[in-house]
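Note sheet for the following structure.
Protein chains: 2
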Amino acid sequence: MILTVTLNTALDVTHRVPRLLPHTSHRVTGVTERPGGKGLNVARVLAALGHEVTATGFAGGPTGALVRELLADGTGVVDALVPCAGATRRTLAVVDETTGDTTQFNEPGPQIDPAEWAAFLHRYTELAARARAVALCGSLPPGVPVGAYALLVRAARAAGAAPVLLDTSGEALRRGVAARPEIIKPNAAELAELTGSRDPLPATRAARRRGAHAVVTSLGPAGLLAATPDGTWRATPPRPLSGNPTGAGDSAVAGLLSGLAEDLPWPARLTRAVALSAATVRSATAGDFDPGTYEEIAPQITAVPLPAP
Amino acid sequence: MILTVTLNTALDVTHRVPRLLPHTSHRVTGVTERPGGKGLNVARVLAALGHEVTATGFAGGPTGALVRELLADGTGVVDALVPCAGATRRTLAVVDETTGDTTQFNEPGPQIDPAEWAAFLHRYTELAARARAVALCGSLPPGVPVGAYALLVRAARAAGAAPVLLDTSGEALRRGVAARPEIIKPNAAELAELTGSRDPLPATRAARRRGAHAVVTSLGPAGLLAATPDGTWRATPPRPLSGNPTGAGDSAVAGLLSGLAEDLPWPARLTRAVALSAATVRSATAGDFDPGTYEEIAPQITAVPLPAP
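Chain order of the listed sequences is A and B.
Residues 187 to 495 in the numbering used here are what the first sequence lists, from first letter to last.
Residues 187 to 495 in the numbering used here are what the second sequence lists, from first letter to last.
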């Protein structure tokens with residue numbers, strides 16, 4: 187089983203409007219709701235790939251109840267979310283149907299109290315002991331200690347040595363990386379914040395020296411750059427793909443975890459991650475991947491080894 | 187008891203953001219939720235004025251449950267909402283804290299099926315028989331017949347002759363007004379759509395000829411214009427008031443209904459409506475009225491009679 191952790195789960199709401207005009211009133215022509223937060227997105231993609239996957243984190247209030255209901259509705263993800271008194275946050279994406287552009291509003295998330303945090307740690311330790319791989323994803327809700335991810339990396343190691351992938355940003359990433367997770371997956375901005383360097387290759391290598399066994403940097407449409415104990419690679423989509431990049435990073439995480447759980451060599455993990463990411467950009471539904479694009483693109487991607495520094 | 191009807195209730199969500207920048211991602215710094223839809227806003231103001239008020243309409247899904255929970259939490263409004271299978275819509279107001287401007291997104295509302303509509307009619311008829319005044323407010327959710335308000339005006343008359351105020355727009359208003367409600371309260375745009383005239387005084391009089399006993403046209407910050415069986419008046423705030431106009435129209439409706447229930451003469455109804463409306467613009471919380479402003483402004487407003495045409 188693969189375990190994904192989403193401490194700050196969300197109800198992802200999408201509003202479609204004919205045209206976004208700030209400071210006016212809009213009639214919403216389409217509404218969709220889905221379980222959100224990076225770790226739940228990753229779990230859904232893993233389940234669609236045929237993996238057994240369990241999702242934990244917090245869920246509370248009417249929004250949390252709806253997240254759990256939607257998760258139970260055919261996603262294939264096992265719900266191991268821990269209740270909290272506060273309400274799960276919403277994220278709202280407003281899609282302008284004229285330009286295709288998206289404007290995003292992210293609520294901060296519920297206040298987690300010490301007893302809720304302790305209940306989560308208990309559940310997590312139990313689940314991590316049975317997991318083949320663990321993904322720790324996204325932001326921390328208010329009340330969760332900023333060093334939470336470092337604690338969770340160490341707890342997974344103590345519980346059963348499942349390798350941990352960490353996908354977060356800012357201080358939570360800085361603290362988490364020091365606990366030596368197996369993989370971190372920053373984007374260019376997160377990497378620059380962590381290392382102080384905007385040059386992707388040296389920054390990716392510098393991030394490894396901070397503690398992660400492997401660093402996989404997302405370069406957006408330009409693919410992935412990975413510095414690992416087995417070497418350094420760059421994997422690029424065969425052609426530029428137009429579409430909606432929402433969830434493409436989460437699909438890349440799912441590809442890396444899937445390869446980690448199957449113990450694939452690094453080049454195969456990277457091509458899978460890039461193909462899933464590209465297939466997500468091409469999907470009609472934001473955050474899902476298009477299986478046809480995935481099948482077509484995967485064989486066209488090569489992970490190119492880069493020379494040692 | 188005063189009865190307010192909100193067929194398309196809403197969970198009104200407000201997001202505060204430091205600055206609205208279309209096509210970017212925003213961290214929401216403040217979230218508030220309240221029961222919404224014009225009729226629920228009217229009910230809340232009436233209850234705050236000390237009236238016994240009952241609210242009916244539809245509520246369903248997790249959003250509907252939250253609307254009912256918030257309504258029960260100290261508003262003083264008696265909840266007589268009828269359950270529906272679909273989820274109550276959300277409205278989202280995004281407040282730009284730099285400019286103070288609001289951008290609004292309104293979901294369409296749940297699909298109401300014929301059995302739900304029949305259950306509502308049954309409940310409504312029962313309640314209208316006991317009401318001193320009835321307000322029919324806002325848009326119709328999908329599935330409710332476009333002639334719904336005409337039916338509800340006639341049903342109130344048949345049940346117990348409670349006078350009906352109708353506050354809606356478009357085809358729902360056009361059909362409703364033909365059933366001869368006691369009062370309609372269009373704004374300038376709704377009035378122009380109903381009558382084809384953009385000149386407020388002739389248009390207000392033309393709307394009366396379509397069936398309403400009295401027409402009270404909202405002129406925004408310029409106050410109210412009323413054509414009634416007792417004469418024509420204009421009531422204006424003593425000075426321009428800056429603030430948030432959200433809910434000012436609903437407070438004006440509450441003022442008119444309050445005066446109708448107390449059988450006040452028209453000039454007193456209009457000054458109360460204008461004072462409540464102004465006190466809502468000045469309130470710190472969108473949609474509430476500021477009692478201090480109300481007390482201060484009410485004596486300064488005079489309804490000026492206009493000559494017959």
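From the three backbone atoms N, C-alpha and C, an ideal C-beta is built for every residue, glycine too.
Residue i lies in the alpha helix (DSSP H); which residues open and close that run?
i	result
residue 249 (chain A)	247 to 258
residue 443 (chain A)	434 to 447
residue 475 (chain A)	From DSSP, residue 475 (chain A) is part of no alpha helix (DSSP H); its letter is neither H nor E.
residue 361 (chain A)	356 to 363
residue 456 (chain B)	452 to 467
residue 414 (chain A)	First-last for residue 414 (chain A): 410 to 414, but that is the beta strand (DSSP E), not the alpha helix (DSSP H).
residue 381 (chain B)	374 to 381
residue 387 (chain A)	386 to 395
residue 308 (chain A)	300 to 314
residue 339 (chain A)	334 to 346
Answer with buried or exposed for residue i, where buried requires no fewer than 16 other C-beta atoms within 10 angstroms of its C-beta.
i	result
residue 353 (chain A)	buried
residue 271 (chain A)	exposed
residue 463 (chain B)	buried
residue 437 (chain B)	buried
residue 247 (chain A)	buried
residue 275 (chain A)	buried
residue 201 (chain A)	buried
residue 324 (chain B)	buried
residue 445 (chain A)	buried
residue 293 (chain A)	buried
residue 404 (chain A)	buried
residue 418 (chain B)	buried
residue 255 (chain B)	exposed
residue 513 (chain B)	The requested residue 513 (chain B) is not part of the displayed model; chain B covers only 187 to 495.
residue 493 (chain B)	exposed
Quick check: the Cα distance between residue i and residue j, rounded to an integer number of angstroms?
i	j	result
residue 305 (chain B)	residue 299 (chain B)	10 Å
residue 296 (chain B)	residue 422 (chain B)	38 Å
residue 495 (chain B)	residue 476 (chain B)	37 Å
residue 333 (chain B)	residue 356 (chain B)	11 Å
residue 281 (chain A)	residue 435 (chain A)	19 Å
residue 313 (chain A)	residue 198 (chain A)	26 Å
residue 360 (chain A)	residue 339 (chain A)	13 Å
residue 259 (chain B)	residue 432 (chain B)	21 Å
residue 343 (chain B)	residue 311 (chain B)	10 Å
residue 214 (chain A)	residue 195 (chain A)	24 Å
residue 261 (chain A)	residue 234 (chain A)	8 Å
residue 486 (chain B)	residue 379 (chain B)	33 Å
residue 456 (chain A)	residue 232 (chain A)	15 Å
residue 228 (chain B)	residue 365 (chain B)	22 Å
residue 401 (chain A)	residue 238 (chain A)	25 Å
residue 285 (chain A)	residue 472 (chain B)	31 Å
residue 212 (chain A)	residue 203 (chain A)	7 Å
residue 461 (chain A)	residue 243 (chain A)	28 Å
residue 412 (chain B)	residue 375 (chain B)	16 Å
residue 345 (chain A)	residue 396 (chain A)	23 Å
residue 491 (chain B)	residue 420 (chain B)	7 Å
Along the beta strand (DSSP E) that carries residue i, what are the first and last residues, could you check?
i	result
residue 425 (chain A)	From DSSP, residue 425 (chain A) is part of no beta strand (DSSP E); its letter is neither H nor E.
residue 213 (chain A)	211 to 213
residue 401 (chain A)	400 to 404
residue 231 (chain B)	From DSSP, residue 231 (chain B) is part of no beta strand (DSSP E) but of the alpha helix (DSSP H) over 224 to 234.
residue 330 (chain B)	That residue, residue 330 (chain B), is in no beta strand (DSSP E); it is neither H nor E in DSSP.
residue 493 (chain B)	It is not in any beta strand (DSSP E) - residue 493 (chain B) carries neither H nor E in the DSSP assignment.
residue 191 (chain B)	188 to 192
Would the C-beta of residue i count as close to the ligand HEM, meaning under 7 Å from any of its heavy atoms?
i	result
residue 339 (chain B)	No copy of the ligand HEM appears in this structure; indeed no ligand is present at all.
Tell me the DSSP bridge mates of residue i?
i	result
residue 281 (chain A)	A:202, A:288
residue 323 (chain B)	B:353
residue 487 (chain B)	Answer is none; residue 487 (chain B) lacks a bridge partner.
residue 159 (chain B)	The first residue shown for chain B is 187 and the last is 495, placing residue 159 (chain B) beyond what the model contains.
residue 263 (chain B)	Partner(s): none; residue 263 (chain B) has no beta bridge.
residue 242 (chain A)	A:191
residue 269 (chain B)	B:245
Near-chain B residues of the segment 332 to 347 of chain A - C-beta to any C-beta below 9 Å: none
Return the residues of the segment 300 to 316 of chain B that lie within a Cβ-Cβ distance of less than 8 Å from chain A, sorted by chain order. none
Please identify, using Cβ separations under 9 Å, the residues of the segment 201 to 213 of chain A that lie next to chain B, in order along the chain. 201, 203, 206, 207, 208, 209, 210, 211, 212, 213
Give the residues from the segment 232 to 252 of chain B that approach chain A closer than 9 Å (Cβ to any Cβ), ordered along the chain. 247, 248, 249, 251, 252
Given a limit of 7 Å on CB to CB distance, which residues of the segment 256 to 282 of chain B reach chain A? 278, 280
Tell me which residues of the segment 466 to 479 of chain B have at least one Cβ-Cβ distance to chain A shorter than 7 Å, keeping chain order. none
Which of the residues in the segment 284 to 296 of chain B, read from start to end, lie with their CB under 9 Å from any CB of chain A? 285, 287, 288, 289, 290, 291, 292, 293, 294
Selection of the segment 213 to 224 of chain A by Cβ proximity to chain B, strictly under 7 Å: 213, 214, 217
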